[in-house]
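Numbering (this note's numbering), first residue to last: 111 to 494. Read the structure below first, then the notes.
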Amino acid sequence: MSSIPITYQDYEILLLLQNEPTISFNQIAKKLGVTPPTAKKKVESLKIRNIYRGKAVLYKPESLNLTRYFFILYTPSLESLQHLEAALKYHPYIISRTRFYGSRLGVFAQFNYPKEKTELLFAFVDALKKEGFVSSYLYYESLGSRRTMQIDLERLSLSSFRWTFDWEKCYSKLLTINPSPLPSPSPSVLDKMKPVDFKILEILTRGKIPKNDGGFDSEITQKKISNYLNIETTEIWRRYHFLQENVLSGYSSRFSREFFNINSEKIIFMTFKDETKLNRCFTLFTDEKEGPPFRYHIEAYRDSKGRKQLILYVSLPQYHEAHLIYTLSKTASLRVYNVDTIGKSSVSYSFYSEAFDFKKKKWKVEDQFVLDGPLKEIKEELEL
Numbered sequence: 111m112s113s114i115p116i117t118y119q120d121y122e123i124l125l126l127l128q129n130e131p132t133i134s135f136n137q138i139a140k141k142l143g144v145t146p147p148t149a150k151k152k153v154e155s156l157k158i159r160n161i162y163r164g165k166a167v168l169y170k171p172e173s174l175n176l177t178r179y180f181f182i183l184y185t186p187s188l189e190s191l192q193h194l195e196a197a198l199k200y201h202p203y204i205i206s207r208t209r210f211y212g213s214r215l216g217v218f219a220q221f222n223y224p225k226e227k228t229e230l231l232f233a234f235v236d237a238l239k240k241e242g243f244v245s246s247y248l249y250y251e252s253l254g255s256r257r258t259m260q261i262d263l264e265r266l267s268l269s270s271f272r273w274t275f276d277w278e279k280c281y282s283k284l285l286t287i288n289p290s291p292l293p294s295p296s297p298s299v300l301d302k303m304k305p306v307d308f309k310i311l312e313i314l315t316r317g318k319i320p321k322n323d324g325g326f327d328s329e330i331t332q333k334k335i336s337n338y339l340n341i342e343t344t345e346i347w348r349r350y351h352f353l354q355e356n357v358l359s360g361y362s363s364r365f366s367r368e369f370f371n372i373n374s375e376k377i378i379f380m381t382f383k384d385e386t387k388l389n390r391c392f393t394l395f396t397d398e399k400e401g402p403p404f405r406y407h408i409e410a411y412r413d414s415k416g417r418k419q420l421i422l423y424v425s426l427p428q429y430h431e432a433h434l435i436y437t438l439s440k441t442a443s444l445r446v447y448n449v450d451t452i453g454k455s456s457v458s459y460s461f462y463s464e465a466f467d468f469k470k471k472k473w474k475v476e477d478q479f480v481l482d483g484p485l486k487e488i489k490e491e492l493e494l
């Protein structure tokens, strides 16, 4: 049980933030019957206690004519793993890297990469392998069908601080639920994007905006974006709503895993022989009422044989691990990676607006930008 106390009003605020991540202090105040300054103070208190960690925004790579690639990068030693982690940050199209352990040590890396010259992405990974940072690797291409699910605090017992979920019912649903086909990838709106759109997206995915004193402000508003970019507020409003409608996949509130006893993370690759079973799994795990109450991301990808498969990245309490693995194993073959949750073993990278060339109206995929340049920076940092 957490040693940090939580009041029922704190819990109410967290529920509001969970269900509406962009809710304003005025709206929170109205729902709780308090003043806006009091509501702000309450939210700030949750941040100070590291229970609430702000909100994150996700975007749909396909809407920008980008494709997501997953890499499982195995490393021969802890030292090579640390070098690999230091090296990956220099690639302009990386979006995240996560350390995993178990029978093999390595990094799970994700890239949102242009459809042109994908051979240079693999050349980059091969160069890391040549340096000894990677012993071998696997890669997969996303199909663009994905969903990120938020933890459901309504299914947390405040008295025991334990999560409840009926796994037997989940297993039954997994076999019987009416399957829906995988959702289609978002259409590209790249030709409608303006330079300011890329700047706004970079700010939103970074989760903070630079201040005049050299620091950062994590409370992002359209007015602050307007002041920072020196662009009229009305134009920022228009472009912000364009991004919301066409590019952003939504906001999610970030809560402390430790506080809520979410102490285990898994990356699970699921291999299905039957597409109906795959569709059932995706349908169930994207159902807010029927799926597990934990935070997870589920996404469809194509395997080496061209077949549709699923990947599940899930955070959950250890006492639910066995139930999850057993349930999934009854419908698919599993390859499970244990995620290192200590320190900064998982890092997300913001959208990089400089990766798009507006003069040429296309993504930058020149050798110097995606291969030679990053490799030079890596060698300089690691003194290779």
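No residue lacks a Cβ here, since even glycine has one placed at the ideal position from N, Cα and C. The model shown is predicted, which means the values in this text are computed figures rather than measured ones.
task: Output the residue ranges of the beta strand (DSSP E) runs that lie fully inside the segment 183-231 and measure 3 residues or longer, sorted by chain position.
output: 204-211, 216-224
message: Taking its Cβ as the centre, do 16 or more other Cβ atoms sit within 10 Å of residue 429, making it buried, or is it exposed?
response: Here residue 429 corresponds to residue number 319 of the sequence shown, with the count starting at 1. Label assigned to residue 429: exposed.
query: What are the boundary residues of the alpha helix (DSSP H) that residue 483 is part of?
result: Counted from its first residue, the sequence shown places residue 483 at position 373. Unbroken alpha helix (DSSP H) run through residue 483: 483-492.
- request: Could you pull out every residue in the same chain whose Cβ sits closer than 6 Å to the Cβ of residue 255, ignoring the five residues on either side in sequence?
  value: Locating residue 255 in the sequence shown gives position 145, where the first residue counts as 1. Answer for residue 255: 292, 293, 410, listed in chain order.
Bridge partner(s) assigned by DSSP for residue 407: Numbered from its first residue, the sequence shown carries residue 407 at position 297. In the DSSP output, where bridge partners are listed per residue, residue 407 has 258, 423.
query: Since residue 181 sits in a beta bridge, which residues does DSSP pair it with?
result: Residue 181 sits at position 71 when you count from the first residue of the sequence shown. Beta-bridge pairing links residue 181 to 219, 249.
task: Out of 156, 120, 185, 311, state which residue places its alpha-carbon closest to the alpha-carbon of residue 358.
output: In the sequence shown, residue 358 corresponds to position 248, counting from 1. With distances taken between Cα atoms, residue 358 lies closest to 311.
- request: Give the straight-line distance between the Cα atoms of residue 239 and residue 159, rounded to the nearest whole angstrom.
  value: Counting from one through the sequence shown, the residue named residue 239 turns up at place 129. Counting from one through the sequence shown, the residue named residue 159 turns up at place 49. Residue 239 and residue 159: Cα-Cα distance of roughly 42 Å.
message: Using the three-state DSSP reduction, which class does residue 449 fall into: helix, strand or coil?
response: The sequence position of residue 449 within the sequence shown is 339, counting from 1. Strand.
- request: Please state whether DSSP places residue 353 in a helix, a strand or coil.
  value: Residue 353 sits at position 243 when you count from the first residue of the sequence shown. Three-state result, residue 353: helix.
field: Three-state secondary structure assigned by DSSP to residue 292
entry: Working through the sequence shown from its first residue, we reach residue 292 at position 182. Of the three classes helix, strand and coil, the one that applies to residue 292 here is coil, per DSSP.
message: I'd like the list of long-range same chain contacts for residue 317, defined as Cβ closer than 8 Å, with 5 residues on each side in sequence excluded.
response: Taking the first residue of the sequence shown as position 1, residue 317 is located at position 207. Excluding residues within five positions, the ones whose Cβ falls inside 8 Å are 164, 165, 166, 167, 328, 330, 460.
Residues near residue 308 in its chain [Cβ-Cβ closer than 7 Å; skip 5 each side]: Against the sequence shown, residue 308 aligns to sequence position 198. If we look at residue 308 and ignore the five residues flanking it on each side, its Cβ neighbours are 463, 466.
task: Answer with buried or exposed for residue 216, where buried requires no fewer than 16 other C-beta atoms within 10 angstroms of its C-beta.
output: Within the sequence shown, numbered from 1, the residue matching residue 216 stands at position 106. Buried.
query: Sorted by chain position, which residues of the same chain lie with C-beta nearer than 8 Å to residue 342's C-beta, five sequence neighbours on each side aside?
result: If you number the sequence shown from 1, residue 342 lands on position 232. Hits under 8 Å: 336.
- prompt: So the alpha helix (DSSP H) residue 166 belongs to, where does it begin and stop?
  reply: Reading the sequence shown from its first residue, position 56 is the one you call residue 166. Not the alpha helix (DSSP H): residue 166 falls in the beta strand (DSSP E), residues 162-169.
field: Among 326, 314, 325, 322, the one whose alpha carbon lies nearest that of residue 332
entry: Against the sequence shown, residue 332 aligns to sequence position 222. With distances taken between Cα atoms, residue 332 lies closest to 314.
- request: Out of 208, 419, 184, 301, point me to the one whose CA is closest to residue 246's CA.
  value: In the sequence shown, the residue the question calls residue 246 occupies position 136. The candidate whose alpha carbon is nearest that of residue 246 is 184.
- prompt: Which ranges would you report for the alpha helix (DSSP H) in the segment 264-323 if only whole runs of at least 4 residues count?
  reply: 277-286, 305-316
query: Counting along the chain, where does the alpha helix (DSSP H) carrying residue 377 start and finish?
result: In the sequence shown, residue 377 corresponds to position 267, counting from 1. Unbroken run through residue 377 is the beta strand (DSSP E), 374-381; no alpha helix (DSSP H).
field: Short Cβ contact (8 Å threshold) for residue 126 with residue 116
entry: For the purposes of this step, residue 126 is taken as residue 16 along the sequence shown, with counting starting at 1. For the purposes of this step, residue 116 is taken as residue 6 along the sequence shown, with counting starting at 1. The answer is no: Cβ separation not under 8 Å.
- prompt: For the 8 Å Cβ check, are there 3 or more pairs between the segment 442-459 and the segment 395-407?
  reply: no
message: Only counting the same chain, and skipping five residues up and downstream in sequence, which positions put a Cβ closer than 6 Å to that of residue 387?
response: Within the sequence shown, numbered from 1, the residue matching residue 387 stands at position 277. Cβ neighbours of residue 387 beyond the five flanking positions: 441.
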